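Its first residue numbered 1, the sequence shown is counted upward by one per residue in the working numbering. Quick reminder that beta carbons are idealized off the backbone N, C-alpha and C, glycines included. Because the structure is a prediction, the values reported are computed rather than measured.
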Amino acid sequence: NILLRGESGTGKELLARAIHASSRRAHGPFVPIDCAALPETLLESELFGYEKGAFTGAHKTKRGLLELAHTGTVFLDEIGELPSSLQAKLLRTLQEREFRRLGGERIISVDIRLISSTNRDLEQEVAKGRFREDLYFRLKVVEIELPPLRARAGDIPLLAAHFLEKYRSQYQKPVRGLAPEVLEALQAYSWPGNVRELENTIERAVALAEQEMIQLSELPDYITYRSSAPPMDASSEMPPLDVIRQKSAEAVQKPYLIQLLRRHKGNVSEVAKEAGTNRKMIYRLAKRFSIDIDAFREES
Numbered sequence: 001n002i003l004l005r006g007e008s009g010t011g012k013e014l015l016a017r018a019i020h021a022s023s024r025r026a027h028g029p030f031v032p033i034d035c036a037a038l039p040e041t042l043l044e045s046e047l048f049g050y051e052k053g054a055f056t057g058a059h060k061t062k063r064g065l066l067e068l069a070h071t072g073t074v075f076l077d078e079i080g081e082l083p084s085s086l087q088a089k090l091l092r093t094l095q096e097r098e099f100r101r102l103g104g105e106r107i108i109s110v111d112i113r114l115i116s117s118t119n120r121d122l123e124q125e126v127a128k129g130r131f132r133e134d135l136y137f138r139l140k141v142v143e144i145e146l147p148p149l150r151a152r153a154g155d156i157p158l159l160a161a162h163f164l165e166k167y168r169s170q171y172q173k174p175v176r177g178l179a180p181e182v183l184e185a186l187q188a189y190s191w192p193g194n195v196r197e198l199e200n201t202i203e204r205a206v207a208l209a210e211q212e213m214i215q216l217s218e219l220p221d222y223i224t225y226r227s228s229a230p231p232m233d234a235s236s237e238m239p240p241l242d243v244i245r246q247k248s249a250e251a252v253q254k255p256y257l258i259q260l261l262r263r264h265k266g267n268v269s270e271v272a273k274e275a276g277t278n279r280k281m282i283y284r285l286a287k288r289f290s291i292d293i294d295a296f297r298e299e300s
């Protein structure tokens, strides 16, 4: 069993799917269940299934998701939201590898791998009596902490490419990549919504795309013109104003300069003319932001 921990939207289900796909259980089903999305009575019947006549409205037998996941992987998202009564039943299922449907007598055996996720501190939940300690230790045979996206900017190109491929097929757009300045902006942003926010951003960009490469104009303004620095609380040490000014300038000026250089194929005179400045300033900004002007000339 594997427990994934991290903030909401950090890509825990993506990782769970990747673990399943690269395992010996890849031939079996991957069944995700959001423990926070269903009320207790409905969640129990969804997990374990029920027999005909088990309750009002049970007109026919229904197999539960645990049964449907036989030989595969069950992903229990937000396991910390699981009601205490179901915690006990899930623990027995994991220990015995068997259960009964609601209203049933027949024992059903299952062979499943369980991957669960949480954005809660389950140790604290255990200490407060809200989560079973025995279930907690059963879940965390292997524990993986997913850092927030703002702490792993190096993952953004791969994630963005994955979502780009997904949504260009869905929207039937001939989009084939991200312009360099778009990637710069994505890596500079702090992503409070983590991977989920990145996916939504790429979907929006693909839907709006009019060229083969996603452009800055297809990103929301708050991403294009926002500092990558995370919000500071009242106890944080505040940096000097000139440091803030420099970071803000880079967040706006660097993507802007890259876009101009790309448009004019590295012609500094044309870039300076459109920017309303001189060649010396363009070279100075390129040096400050570590931009290789020759690279744009080679692209042409």
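Under 8 Å between the Cβ atoms of residue i and residue j?
{"i": "Thr-56", "j": "Ile-112", "result": "no"}
{"i": "Ile-202", "j": "Leu-164", "result": "yes"}
{"i": "Phe-99", "j": "Leu-66", "result": "yes"}
{"i": "Lys-254", "j": "Glu-184", "result": "yes"}
{"i": "Pro-29", "j": "Leu-76", "result": "no"}
{"i": "Leu-257", "j": "Leu-285", "result": "yes"}
{"i": "Arg-132", "j": "Gln-87", "result": "yes"}
{"i": "Glu-46", "j": "Ile-33", "result": "yes"}
{"i": "Ala-58", "j": "Gly-103", "result": "yes"}
{"i": "Lys-140", "j": "Leu-38", "result": "no"}
I need the straight-line Cα distance from residue i to residue j, nearest angstrom please.
{"i": "Thr-224", "j": "Gln-215", "result": "11 Å"}
{"i": "Leu-91", "j": "Phe-289", "result": "55 Å"}
{"i": "Asp-155", "j": "Leu-149", "result": "8 Å"}
{"i": "Tyr-167", "j": "Glu-197", "result": "14 Å"}
{"i": "Ala-161", "j": "Gly-53", "result": "49 Å"}
{"i": "Ile-144", "j": "Arg-204", "result": "30 Å"}
{"i": "Met-213", "j": "Arg-176", "result": "6 Å"}
{"i": "Arg-130", "j": "Ser-84", "result": "7 Å"}
{"i": "Leu-146", "j": "Gln-170", "result": "28 Å"}
{"i": "Ala-229", "j": "Lys-128", "result": "Model confidence at Ala-229 stands at a pLDDT of 44, short of 50, so the residue's coordinates are unreliable and nothing is read from them."}
{"i": "Asn-200", "j": "Pro-220", "result": "11 Å"}
{"i": "Ile-291", "j": "Ala-26", "result": "44 Å"}
{"i": "Leu-282", "j": "Arg-152", "result": "Checking the sequence, you will find Ile at residue 282 rather than Leu. So the alpha carbons of these two residues sit roughly 30 Å apart."}
Label residue i either buried or exposed according to how many other C-beta atoms from any shown protein chain fall within 10 Å of its C-beta, with 16 as the threshold for buried.
{"i": "Ser-116", "result": "buried"}
{"i": "Asn-278", "result": "exposed"}
{"i": "Leu-15", "result": "buried"}
{"i": "Thr-10", "result": "buried"}
{"i": "Ala-234", "result": "The pLDDT assigned to Ala-234 is 47, lower than 50, so where the model puts this residue is not dependable; a value taken from the coordinates is nonetheless given after this. Burial call: exposed."}
{"i": "Gln-259", "result": "buried"}
{"i": "Thr-71", "result": "exposed"}
{"i": "Ile-107", "result": "exposed"}
{"i": "Arg-5", "result": "buried"}
{"i": "Val-110", "result": "buried"}
{"i": "Gly-276", "result": "exposed"}
{"i": "Leu-43", "result": "buried"}
{"i": "Glu-40", "result": "exposed"}
{"i": "Phe-137", "result": "exposed"}
{"i": "Ala-207", "result": "exposed"}
{"i": "Pro-231", "result": "Because Pro-231 carries a pLDDT of 47, less than 50, the predicted location of this residue cannot be relied on, and no value is offered for it."}
{"i": "Arg-101", "result": "buried"}
{"i": "Val-268", "result": "buried"}
{"i": "Lys-173", "result": "buried"}
{"i": "Glu-210", "result": "exposed"}
Using 8 Å as the limit for Cβ to Cβ distance, is residue i near chain B?
{"i": "Ser-8", "result": "Of the chains in the structure shown, none is chain B; there is only one protein chain."}
Under the three-state reduction of DSSP, which class applies to residue i: helix, strand or coil?
{"i": "Gly-80", "result": "helix"}
{"i": "Arg-150", "result": "helix"}
{"i": "Val-141", "result": "coil"}
{"i": "Leu-178", "result": "strand"}
{"i": "Leu-4", "result": "strand"}
{"i": "Ile-214", "result": "strand"}
{"i": "Tyr-136", "result": "helix"}
{"i": "Ser-290", "result": "coil"}
Any heavy atom of the ligand PLP closer than 7 Å to the CB of residue i?
{"i": "Glu-78", "result": "Looking for the ligand PLP in the displayed structure turns up nothing, as the structure carries no ligands at all."}
Exercise. In chain order, which continuous runs of the alpha helix (DSSP H) of length 4 or greater are located wholly inside the region 13-77?
Worked result: With a minimum length of 4 residues, the continuous alpha helix (DSSP H) runs that stay inside the region 13-77 are 40-48 and 65-68.
For this session: Counting only runs of 3+ residues fully inside the region 92-124, write out the beta strand (DSSP E) ranges in chain order.
Result: 98-100, 107-109 and 113-118
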